[in-house]
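Input: a single structure, listed below in structure tokens.
In my numbering, the protein residues as written are 42 to 418.
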């Protein structure tokens, strides 16, 4: 009976003993793993001082790239779109009536000025020429006989001699006209250029004024464009221009404005201009679309910076430069005054001087006084 009571007492007390033992074990573990507060950071830096951007004094270091400030030339352009035209575009027409006997050249041939290109039949003119020569010969013989008779024997009259001389002159003039017409049946190239189009066929009857062919001179070409009227006073003949073409990659063609119109197109409100370009290699084709940049203003020896380096502030604009001081290399916010801008570049009229190191990469991560480190050479 006593054993049973003892077993019952132990059994009831076991959960309380187990809980106490577990609490004692946890306390011993916590005590054994605790570290004194004054030993934090003895073997490694504190969390806020870790990382490669921390300096010896705990300041954040920003990697930046710099570019020396140098004076340069700044040019503003007016951008317009134009079209290419040949410098000379000539339509060759017939000057005599007849049928086309033959073409002496083929389309696409390179022609020289004065080179025969087409022949018109001249059978009727040939017959008229023979008649005119015969008439001239008779008139000349009659005049010579009458002149000798009058001068040597005083036979006839002086008036008869003068009339015979006039007949010779008239016959000679008629013969010259026919010879000129005969020459016109051989059509020649009026300019040096390329035979581009043919308008008639062999055997076709033509009359004076009938179009025969088209010749283009493309050794030099003309770019025709329109300048907005607000730039009318800034653009004058002789103004430099740069022309590019989408299909001719990597090439810029320099030229000057040869012509500026005096009136404004009422529909487009533009002033016509013409730019002449050399085209010895024949790359520029008529009717190509041209991208034209006409020089509007030019400034020499000015400081020019990319616009994305300029930051707007409450008081104006600023850029950052890298300065070497007693505490090392730091970023300095520099207030600047801006001038003209074009194509993501802007002129700095004050606030920067030649030789300073302008921060061109990392400028968005720095503040005035930030510690910086130069990278990229």
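Glycine included, each C-beta is placed from N, C-alpha and C at the ideal position. Remember, it's a predicted structure, so these values are computed and weren't measured experimentally.
Beta bridge counterpart(s) of residue i as assigned by DSSP
i, result
"residue 383", "386"
"residue 268", "312"
"residue 129", "258"
"residue 319", "261"
"residue 415", "105"
"residue 176", "According to DSSP, which records beta bridges pairwise, residue 176 is partnered with nothing at all."
"residue 157", "229"
"residue 302", "Note: residue 302 sits in no beta bridge, so no partner."
"residue 281", "297"
"residue 400", "107"
"residue 117", "338"
Residue i in three-state terms, based on DSSP
i, result
"residue 310", "coil"
"residue 150", "coil"
"residue 212", "helix"
"residue 221", "helix"
"residue 202", "helix"
"residue 274", "coil"
"residue 367", "coil"
"residue 165", "helix"
"residue 207", "helix"
"residue 184", "helix"
"residue 227", "strand"
"residue 193", "helix"
"residue 237", "strand"
"residue 124", "strand"
Buried/exposed call for residue i, threshold 16 Cβ in 10 Å
i, result
"residue 194", "exposed"
"residue 123", "buried"
"residue 320", "buried"
"residue 127", "buried"
"residue 187", "buried"
"residue 177", "buried"
"residue 92", "Because residue 92 carries a pLDDT of 36, less than 50, the predicted location of this residue cannot be relied on, and the following value inherits that uncertainty. By the neighbour-count rule (16 or more Cβ atoms within 10 Å), residue 92 is not buried but exposed."
"residue 254", "buried"
"residue 218", "exposed"
"residue 226", "buried"
"residue 328", "exposed"
"residue 395", "exposed"
"residue 70", "Below a pLDDT of 50, predicted positions are generally treated as unreliable, and residue 70, at 38, falls in that range; the measurement from the model is reported next regardless. By the neighbour-count rule (16 or more Cβ atoms within 10 Å), residue 70 is not buried but exposed."
Rounded distance between the beta-carbons of residue j and residue i, thought under 8 Å
i, j, result
"residue 103", "residue 411", "6 Å"
"residue 166", "residue 222", "6 Å"
"residue 331", "residue 286", "6 Å"
"residue 473", "residue 416", "Within the shown structure, residues of the chain are numbered from 42 to 418, placing residue 473 beyond reach of any answer."
"residue 239", "residue 148", "6 Å"
"residue 322", "residue 374", "Wrong, their Cβ atoms sit about 52 Å apart, outside the cutoff."
Any C-beta of chain C under 8 Å from that of residue i
i, result
"residue 282", "Of the chains in the structure shown, none is chain C; there is only one protein chain."
Three or more C-beta pairs below 8 Å linking the region 398-407 and the region 349-367 = yes
ask   = Using 8 Å as the Cβ pair cut-off and three pairs as the minimum, do the region 144-154 and the region 287-305 touch?
value = no
request  = May I ask you to verify whether the region 133-148 touches the region 236-247, counting CB pairs closer than 8 Å and requiring at least 3?
outcome  = yes
inquiry  = Quick test of the definition: if touching needs 3 or more C-beta pairs under 8 Å, does the region 389-401 touch the region 103-120?
reply    = yes
ask   = Can we say the region 212-228 touches the region 111-120, given the rule of at least three CB pairs closer than 8 Å?
value = no
request  = Report yes or no: do three or more beta-carbon pairs, one from the region 384-398 and one from the region 341-350, lie closer than 8 Å?
outcome  = Three or more beta-carbon pairs drawn from the region 384-398 and the region 341-350 are found closer than 8 Å, and the two stretches are therefore classed as touching.
ask   = Do the region 331-341 and the region 362-378 make contact, defined as three or more Cβ pairs closer than 8 Å?
value = no
Inter-stretch contact (C-beta, 8 Å, three-pair minimum) for the region 200-209 and the region 155-162 = no
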